[in-house]
Structures are given as structure tokens and as C-alpha cells.
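Reading the sequence shown from the start, the letters are residues 9 to 120 in the working numbering. Yeah, the Cβ is synthetic: ideal placement off N, Cα and C, and Gly gets one too.
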Amino acid sequence: MYFRRFGKAYDTVKRIDLWRTLSMHDVSSGLLQALQFLYRSSSACVRINGPYTDWFDISRSVRQRCEASPWLFNLFMFSFLYDLKEYEYGLRMDELSVKCLLYANNQVMLAP
Numbered sequence: 009m010y011f012r013r014f015g016k017a018y019d020t021v022k023r024i025d026l027w028r029t030l031s032m033h034d035v036s037s038g039l040l041q042a043l044q045f046l047y048r049s050s051s052a053c054v055r056i057n058g059p060y061t062d063w064f065d066i067s068r069s070v071r072q073r074c075e076a077s078p079w080l081f082n083l084f085m086f087s088f089l090y091d092l093k094e095y096e097y098g099l100r101m102d103e104l105s106v107k108c109l110l111y112a113n114n115q116v117m118l119a120p
């Protein structure tokens, strides 16, 4: 059994992987381009004890407090779960096979 807690779950999403996942799930090119435009040129700086750091590019995460973020994160996580169906492991109960449990920002992978 493997247990993973996503502390700041939205920050774990690599955007390049997110765009590929959206393409694989037949998200329209117009919507994909609109989302990429929304996330293009994201940068930030941090204030430490008064002064600010230099600006740096952000290539991870979905936006906090954005209406689309829960959908984007769930679709991103679904892509991992979809890949798991190929493997023969997990908890078998009659014809049901449980390979992964998800709740909020926790993930449990079951293996023999």
C-alpha cells in the first residue's frame, strides 16, 4: 500500500502534462488554446524580510480560486488512474478490482 498526501494539491500539476492530458481527452482546440492563454507567461516574486526576490516563471499548478481549477485537477488525476487499469494489482472482491482510493487531497495505491 502506498499513501500520498497532496499538500497543496493544485501545485503538483505540471502544465505541460496538463495540456497533453486535455488533448488526449479530446478537449476542443479552442478551449485548450483559451486555457493556455490564461496560463501563459505566469510569473511571480516572493517577499522575504522586506525585499522582493527576482521574478521567476511558473510552470506548475492550476490557479487558486479559479472556476476551472477543480475540473482541470480532476481530469489531470483521472489520467493517472486511467493508466492504472492496465496493471494487475489491487484489492479484488469478486469481479470488482480496487487499485486506488482518492479522497480530497489523499491518494492510496493498493498493490499485492
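From the DSSP output, in three-state form, read off residue i for me.
i   : result
S87 : helix
S77 : helix
Could you compute how far the alpha carbon of residue i sits from the alpha carbon of residue j?
i    : j   : result
L80  : I66 : 17 Å
S36  : R55 : 39 Å
V21  : F84 : 8 Å
Y47  : L39 : 13 Å
R100 : Y10 : 17 Å
Excluding five sequence neighbours on each side, which residues of the same chain lie with their C-beta closer than 7 Å to the C-beta of residue i?
i   : result
S77 : Y18, V70 and R71
T29 : L83, F84 and S87
T61 : C53 and V54
Quick one: what's got a C-beta closer than 8 Å to residue i's C-beta in the same chain, skipping five residues either side?
i   : result
A42 : none
For residue i, which residues of its own chain have a beta-carbon under 6 Å away from its beta-carbon, when the five flanking residues on both sides are left out?
i   : result
G98 : S105, V106, K107 and L118
Minimum length 4: unbroken alpha helix (DSSP H) runs contained in the segment 32-57:
37-47
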